[in-house]
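In what follows, a single structure is set out as structure tokens and then discussed.
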Amino acid sequence: MKIKKLLCGTIIIILTVAVTALVLRFIVLGQTLPASQADKRTAIIVTEAERTFMLANMRAMLVGTQQILQASLNQDMPAVIAAAELLGMKKTHHTSSGLTGKLPLGFKKLALSTHRAFDQIALDGKDLGDKEHSLEQLNEILARCVACHAAYRLIKQKP
2 MKIKKLLCGT IIIILTVAVT ALVLRFIVLG QTLPASQADK RTAIIVTEAE
52 RTFMLANMRA MLVGTQQILQ ASLNQDMPAV IAAAELLGMK KTHHTSSGLT
102 GKLPLGFKKL ALSTHRAFDQ IALDGKDLGD KEHSLEQLNE ILARCVACHA
152 AYRLIKQKP
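Heads up, this note's numbering is the position in the sequence shown plus 1, with the first residue counted as 1.
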């Protein structure tokens, strides 16, 4: 009986350590290299295809940001809402789990909060119809973009 309890306890400890290591690797740390003297940003290691995917998404966010800005200046709240909806949380469903596992927790938090903020622009645009409010929200999103680009960079995974 004592051997069974000892064996069960050992298995539980091993599984706990393994799960903790996996959570740390895939949820918190991602696949990264620390900042260097030349570039203080954390390097996220991705394949060429993942890098292309991420850069295309960033360009789409930049285009959407410009569309929201232009629509706000034109007092066109339906266009503000449409552009913001395209960049909300539904955009995140196209990210592969392999790529998600490579991203550090700080990056994931910034990315998800940014997509949620675009959803909030769309919701507030419908409820309030206030372009000034939308512009303030867009300014907060751009601050997240600046923070992310200041903290992270993408590097290609070596074959």
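The beta-carbon is built from N, C-alpha and C at its ideal position, and this holds for glycine as well. As the structure is a computational prediction, the values presented were derived from the model and not from experiment.
Checklist entry - If you count every other CB in all the chains shown that lies within 10 Å of the CB of MET2, and 16 or more means buried, which is it? => result exposed
Checklist entry - What do you reckon, are the CB atoms on ALA72 and ILE122 nearer than 8 Å? => result no
Checklist entry - Given GLU44, which residues of its chain have a CB within under 7 Å of its CB, disregarding the five upstream and five downstream residues? => result Residue identity differs from the one stated: residue 44 is Ala in this sequence, not Glu. Cβ within range, chain order: THR33, LEU34, ARG154, ILE156.
Next on the checklist: Between the alpha carbons of MET59 and ARG42, how many angstroms are there, rounded?
Outcome noted: 17 Å
Checklist entry - Should the region 127 to 142 be called in touch with the region 67 to 81, which here means at least 3 C-beta pairs below 8 Å? => result yes
Next on the checklist: Applying the 10 Å Cβ sphere with the 16-neighbour rule, what's the burial state of LYS132?
Outcome noted: buried
Checklist entry - Are there three or more Cβ pairs, one per stretch, closer than 8 Å when the region 143 to 154 is compared with the region 106 to 116? => result yes
Checklist entry - What residues are listed by DSSP as bridge partners for VAL47? => result LYS157
Checklist entry - Buried or exposed: THR115, going by 16 or more other Cβ atoms within 10 Å of its Cβ? => result buried
Checklist entry - If you count every other CB in all the chains shown that lies within 10 Å of the CB of SER97, and 16 or more means buried, which is it? => result exposed
Next on the checklist: Relative to the C-alpha of PRO160, which candidate in LEU7, VAL47, SER37, LYS5 has its C-alpha closest?
Outcome noted: VAL47
Item to check | Complete alpha helix (DSSP H) runs within the region 129 to 156 (minimum length 4 residues, chain order) | outcome: 132 to 152
Item to check | Cα-Cα separation between GLN67 and THR93, rounded to whole angstroms | outcome: 20 Å
Next on the checklist: So, for GLN138: in the same chain, excluding its five sequence neighbours on each side, which residues have a beta-carbon less than 6 Å away from its beta-carbon?
Outcome noted: ILE122
Checklist entry - Which residues share a DSSP beta bridge with THR115? => result Looking at the DSSP assignment, THR115 forms no beta bridge with any residue, so it has no partner.
Checklist entry - Rounded to a whole number of angstroms, what is the C-alpha to C-alpha distance between ARG117 and ILE15? => result 37 Å
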